[in-house]
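The listed protein sequences correspond, in order, to chains H and R.
Using full-length UniProt numbering, the letters of the first sequence map in sequence onto residues 1 to 230.
Using full-length UniProt numbering, the letters of the second sequence map in sequence onto residues 1 to 230.
2 protein chains.
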Amino acid sequence: MILSTYNKEDKVLLAVDCIIFGFLKDELKILLVQRDFEPEKGKWSLIGGFLKKEENLDKAAIRILHHLTGLKNIYMEQVYTFSKVDRDPAERTISVAYYALIDIATHDEKILKQNPIQWFNLKNAPKLIFDHNRMVEKAIARLRRRALSKPIGFELLPDKFTMRQLQKLYEAILDSKLDKRNFINKFNSFDILIKLDEKDMSSSKKGAYLFKFDQEKYNRKVEDGFNFKI
Amino acid sequence: MILSTYNKEDKVLLAVDCIIFGFLKDELKILLVQRDFEPEKGKWSLIGGFLKKEENLDKAAIRILHHLTGLKNIYMEQVYTFSKVDRDPAERTISVAYYALIDIATHDEKILKQNPIQWFNLKNAPKLIFDHNRMVEKAIARLRRRALSKPIGFELLPDKFTMRQLQKLYEAILDSKLDKRNFINKFNSFDILIKLDEKDMSSSKKGAYLFKFDQEKYNRKVEDGFNFKI
DNA sequence: ATATATAAGTGTTTAAAATACACTTTTTTT
DNA sequence: AAAAAAAGTGTATTTTAAACACTTATATAT
Chain H
1 MILSTYNKED KVLLAVDCII FGFLKDELKI LLVQRDFEPE KGKWSLIGGF
51 LKKEENLDKA AIRILHHLTG LKNIYMEQVY TFSKVDRDPA ERTISVAYYA
101 LIDIATHDEK ILKQNPIQWF NLKNAPKLIF DHNRMVEKAI ARLRRRALSK
151 PIGFELLPDK FTMRQLQKLY EAILDSKLDK RNFINKFNSF DILIKLDEKD
201 MSSSKKGAYL FKFDQEKYNR KVEDGFNFKI
Chain R
1 MILSTYNKED KVLLAVDCII FGFLKDELKI LLVQRDFEPE KGKWSLIGGF
51 LKKEENLDKA AIRILHHLTG LKNIYMEQVY TFSKVDRDPA ERTISVAYYA
101 LIDIATHDEK ILKQNPIQWF NLKNAPKLIF DHNRMVEKAI ARLRRRALSK
151 PIGFELLPDK FTMRQLQKLY EAILDSKLDK RNFINKFNSF DILIKLDEKD
201 MSSSKKGAYL FKFDQEKYNR KVEDGFNFKI
């Protein structure tokens, strides 16, 4: 903001691309769309759209996610703005990447009605158009950091979950094995989970107790200076 | 990128605003400019400019910083993109914030010839225009996190510095007192500093040994898996 | 020349946190 | 009744972080 008028400045297209993470059967997943227009028609792409004059970027990200998946009230966070001059061969476009966290188990039907979008395991997702693979890498790095210092993992899990599911989620996010006893001990020391009487019987004969995240207790603890740190 | 043509999409002005940090006399400082055009003429502002069609954002940030300070080869990092609809009352403008780290002691003369820019102590900087204060907050948070995991602090110090200066820098960035012995012990355990025979006599009768950051050694150690962690 | 003032420099002890590690319980299936 | 499969549970060890106080060097004042 140096010039005395903005009139002669270049204007650009501003896109929002969403890296949508999900978690199912011990695997981190990503939601992709098959592009149905040129350039790069038919290739796999992040879900994206353009910022409109009357909305801010957060709103645009929410709108774009909702438009393609039907989902609302989804955790999203801005990651980075990508601006290589020729990143989109059709026209100069700057793109702001947002990541979103979705509990697939709860929302899957809704999503899969929509086409042509599809979940891929993060580890064997296809090559994406433009710089979208770089966007995904940045988003993973951000998700990883965030998961260590905020309880955002719960956004990826159903309301009720077993300790083993929670552990597998963190293993998937951090891409490393964790010790069962140490993990449970640490999480219990936070004292932000509610143990239910209910058991999940789907993964063993014995059954595993279900837990809920106690959002209010967490909020109170944070106010009192509690610092979530895996 | 959902529509079959980009033609009807809104275009916007894309600004870059720079949060320029410096360090002098045990204090973190920020470089501000007095705005010489409307709106908000005469108020203090971050140094900024608009993205041009033929450059990416990193290049724009470098150009804008260089234009107002004459400095090149400065450490910069993108922080966040601000997009509130009415953030600039003159016209819809989205702004990408970058922070920069400057060694004031070495570059000060060059900078201060330029006008009307001025260093302020971070702690008593004036109120800024638009959402620039929020930008500064975000940049400080980022600088703090970064300084804990990367040796970027050296960007703010002269080539040669004393251990006390280094400690005071970290105290300023983290906004907390550190124990002299623990700090030195930890830093020495990293083994990335070169102790010179030279002493700085400006702050005591005894004099304090000067050190240099060993960039090559640091790079080698990082390749071998070393992880800088304050 | 002696005393004083000022910052530099230096290790050890204690506390806290992270890590490593293995057996028992429950229940279904054979 | 035995086998199989996942759930559940506690302690000892190692590593890291934190707390802590005196000696050294030298310029300046007396």
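Yeah, the Cβ is synthetic: ideal placement off N, Cα and C, and Gly gets one too.
Contact criterion: CB-CB distance below 8 Å. Does residue i meet it with respect to chain H?
| i | result |
| --- | --- |
| PHE211 (chain R) | no |
| ILE94 (chain R) | yes |
| GLN167 (chain R) | no |
| GLU9 (chain R) | yes |
| PHE50 (chain R) | yes |
| GLU27 (chain R) | no |
| TYR80 (chain R) | yes |
| TYR6 (chain R) | yes |
| ILE2 (chain R) | Since pLDDT at ILE2 (chain R) reaches only 44, below the 50 mark, its modelled position is unreliable, and the value read off the structure follows with that caveat. Yes - at least one Cβ of chain H is within 8 Å of the one on ILE2 (chain R). |
| LEU148 (chain R) | no |
| VAL12 (chain R) | yes |
| LYS113 (chain R) | no |
| LYS217 (chain R) | no |
Would DSSP call residue i helix, strand or coil?
| i | result |
| --- | --- |
| ASN73 (chain R) | coil |
| PHE21 (chain H) | strand |
| GLY48 (chain H) | strand |
| ALA15 (chain R) | strand |
| PHE82 (chain R) | strand |
| PHE154 (chain R) | helix |
Determine the closest residue to residue i out of the options, with distance taken between C-alpha atoms.
| i | options | result |
| --- | --- | --- |
| THR162 (chain H) | H:LYS206, H:ASN121 and H:LYS8 | H:LYS206 |
| TYR170 (chain R) | R:LEU148, R:ALA139 and R:ASP108 | R:LEU148 |
| ASP197 (chain H) | H:SER203, H:LEU210 and H:THR81 | H:LEU210 |
| ILE117 (chain R) | R:VAL85, R:ILE94, R:LYS29 and R:GLN34 | R:GLN34 |
| PHE21 (chain H) | H:SER176, H:LYS180 and H:ILE74 | H:ILE74 |
| SER45 (chain H) | H:ASN124, H:LEU128, H:ASN121 and H:ILE94 | H:LEU128 |
| TRP47 (chain H) | H:GLU223, H:ALA61, H:ASP175 and H:ILE104 | In the sequence as presented, Trp is not what sits at residue 47 (chain H); that position holds Ile. The option with the nearest alpha carbon to ILE47 (chain H) is H:ALA61. |
| TYR80 (chain R) | R:ASP88, R:ASN219, R:ALA97 and R:GLU216 | R:ALA97 |
| GLN165 (chain H) | H:ALA208, H:ARG220 and H:PHE82 | H:ALA208 |
| LYS43 (chain R) | R:MET135, R:ARG92 and R:ALA125 | R:ALA125 |
| LYS160 (chain H) | H:ILE111, H:ARG146 and H:ASP103 | H:ASP103 |
| PRO39 (chain H) | H:LYS29, H:LEU122, H:PHE130 and H:ALA172 | H:PHE130 |
| GLU77 (chain R) | R:ASN227, R:PHE187 and R:ARG145 | R:ARG145 |
| ILE111 (chain R) | R:HIS66, R:SER95, R:ILE94 and R:LEU122 | R:HIS66 |
Considering just the uninterrupted stretch of the beta strand (DSSP E) at residue i, what are its terminal residues?
| i | result |
| --- | --- |
| TYR6 (chain R) | Careful: TYR6 (chain R) lies outside any beta strand (DSSP E) and carries neither H nor E. |
| GLU27 (chain H) | 27-34 |
Please confirm whether residue i has its beta-carbon closer than 8 Å to some beta-carbon of chain R.
| i | result |
| --- | --- |
| ARG90 (chain H) | First, the residue type needs correcting, since residue 90 (chain H) is Ala and not Arg in the sequence shown. True, the Cβ-Cβ gap to chain R drops below 8 Å. |
| LEU71 (chain H) | no |
| SER189 (chain H) | no |
| ASN56 (chain H) | yes |
| SER176 (chain H) | no |
| VAL136 (chain H) | no |
| LYS84 (chain H) | yes |
| LYS43 (chain H) | no |
| LYS53 (chain H) | yes |
Could you please give the first and the last residue of the uninterrupted alpha helix (DSSP H) stretch that includes residue i?
| i | result |
| --- | --- |
| ALA141 (chain R) | 132-149 |
| LYS212 (chain H) | It is not in any alpha helix (DSSP H) - LYS212 (chain H) instead sits in the beta strand (DSSP E) that spans 208-213. |
Task: Ranges of the alpha helix (DSSP H) found wholly within the segment 166-201 of chain R, counting only runs of at least 4 - done: 180-190
TODO: Output the residue ranges of the alpha helix (DSSP H) runs that lie fully inside the segment 84-120 of chain H and measure 4 residues or longer, sorted by chain position.
DONE: 104-113
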